[in-house]
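J.: FYI, the numbering used here numbers position 204 of the sequence shown as 373, with every residue one higher than the one before it.
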Amino acid sequence: MIIAFRGTTTKLQLFVQTAYTLGPKEEFYAMGKVQRYFKDALEAIWSNVQPFLELADYKSYSISFTGHSLGGALASLAAVRTVKDGYRTSNQIKLITFGQPRVGDSTFAAMHDQLIPYSFRVVNKADLVPHLPPCKTTNDMCDPDPERKSAYHHGTEIWYSNGMGVNATYRVCAGLPFDEDNTCSNSLPDLSFKVDDHTHYFDQMVSQFGKSGCIDDD
């Protein structure tokens, strides 16, 4: 079973989303704090997700959660909620997101890694959104120290540093600090991040690809 969440569709929505993610965090299943905007967004749509998790004929099915941008953040939280509410076990869950922002603090990231071990974040070149909310105030490395209470990624980054065309290469970012490998997209200068790298994945404009019937014009 695949459960996919639609992400940000316009630059205006991206601006609004960015502003809200700079707001306060809230506790999530005693796993640390997450951005309230993402938590509230999942709550608003959970009634559409829950019935599929409860289908008796599919109780033994594993679930792959996915999403782009905001949808990636929702997929992340939905994966946690699915396990915490007892609909599936951890080994029945896979999480693969694209251009996902930071969802919570370093405590949440560490506990998310334990609960959802199959978790990958795909990043296209200098995509801006995976670096929001910021995990640092300067060009220093992201710091997992929970006392800082800053935003922090969970899961393993998969970085396509030179684009996502046919035969593109990628890097599995397993360096330090854990989950925030500073030799991958975090190594880029802060002023180099681009919105266009967020709106296009695998050489497709994400907001239009589904509307076109998922047809590759090339």
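Using N, Cα and C, we set each Cβ at its ideal position, and we do this for glycine too.
(1) Give the C-beta separation of residue 288 and residue 323 to the nearest angstrom, bearing in mind that I take them to be a contact with Cβ-Cβ under 8 Å.
(2) At a cut of 8 Å, does the stretch 213 to 221 reach the stretch 257 to 271 through at least three beta carbon pairs?
(3) For residue 211 and residue 245, what's the separation of their Cα atoms in angstroms?
(4) Going by alpha carbons, who is nearest to residue 257 out of 213, 284, 385?
(5) Check whether the stretch 188 to 202 touches the stretch 226 to 235, taking contact to mean three or more Cβ pairs, one atom from each stretch, closer than 8 Å.
(6) Nearest CA to the CA of residue 175: which residue from 252, 250, 364, 242?
(7) Considering only C-alpha positions, which residue in the set 339, 279, 314, 360 is nearest to residue 348?
(8) With C-beta atoms as the reference, is residue 326 less than 8 Å away from residue 342?
(9) Just confirm the distance between the C-beta atoms of residue 250 and residue 321, as a whole number of angstroms; I'd bet it's less than 8 Å.
(10) Note down the Cα distance separating residue 224 from residue 170, rounded to an integer number of angstroms.
(11) Could you say which of 380, 247, 333, 336 lies nearest to residue 173 if we only look at CA atoms?
(12) Taking C-beta to C-beta, are residue 237 and residue 296 nearer than 8 Å?
(13) Based on Cα-Cα distance, which residue from 298, 265, 300, 299 lies nearest to residue 286?
(14) Only counting the same chain, and skipping five residues up and downstream in sequence, which positions put a Cβ closer than 8 Å to that of residue 197?
(15) Closest to residue 193 by CA distance: which of 338, 255, 302 is it?
(16) Taking buried to mean at least 16 other C-beta atoms within 10 Å of its own C-beta, is residue 374 buried or exposed?
T.: On the basis of the data shown:
(1) Counting from one through the sequence shown, the residue named residue 288 turns up at place 119. Counting from one through the sequence shown, the residue named residue 323 turns up at place 154. 6 Å between Cβ atoms; contact.
(2) no
(3) On the sequence shown, residue 211 is found 42 positions in, with the first residue counted as 1. On the sequence shown, residue 245 is found 76 positions in, with the first residue counted as 1. So the two alpha carbons sit approximately 10 Å from each other.
(4) On the sequence shown, position 88 is the one that residue 257 refers to. It is 284.
(5) Contact between the stretch 188 to 202 and the stretch 226 to 235 is absent, because fewer than three Cβ pairs lie under 8 Å.
(6) Along the sequence shown, read from residue 1 onward, the residue named residue 175 stands at position 6. Nearest option by C-alpha distance: 242.
(7) One-based indexing of the sequence shown puts residue 348 at position 179. Of the listed residues, the one whose Cα sits closest to residue 348 is 279.
(8) Position 157 of the sequence shown, counted from the start, is the residue given in the question as residue 326. Position 173 of the sequence shown, counted from the start, is the residue given in the question as residue 342. Contact: yes.
(9) Mapped onto the sequence shown, residue 250 falls at position 81. Mapped onto the sequence shown, residue 321 falls at position 152. The Cβ separation is near 20 Å, so there is no contact.
(10) By one-based count along the sequence shown, residue 224 stands at place 55. By one-based count along the sequence shown, residue 170 stands at place 1. Approximately 11 Å, taken between the alpha carbons.
(11) On the sequence shown, position 4 is the one that residue 173 refers to. That would be 247, whose Cα lies nearest to the Cα of residue 173.
(12) Numbered from its first residue, the sequence shown carries residue 237 at position 68. Numbered from its first residue, the sequence shown carries residue 296 at position 127. In this structure, residue 296 does not lie closer than 8 Å to residue 237 by Cβ.
(13) Against the sequence shown, residue 286 aligns to sequence position 117. The shortest Cα separation from residue 286 among 298, 265, 300, 299 belongs to 265.
(14) In the sequence shown, residue 197 corresponds to position 28, counting from 1. So the qualifying residues of the chain are 203, 208, 246, 249, 273, 277.
(15) In the sequence shown, residue 193 corresponds to position 24, counting from 1. Nearest option by C-alpha distance: 302.
(16) On the sequence shown, residue 374 is found 205 positions in, with the first residue counted as 1. Exposed, because fewer than 16 other Cβ atoms sit within 10 Å of the Cβ of residue 374.
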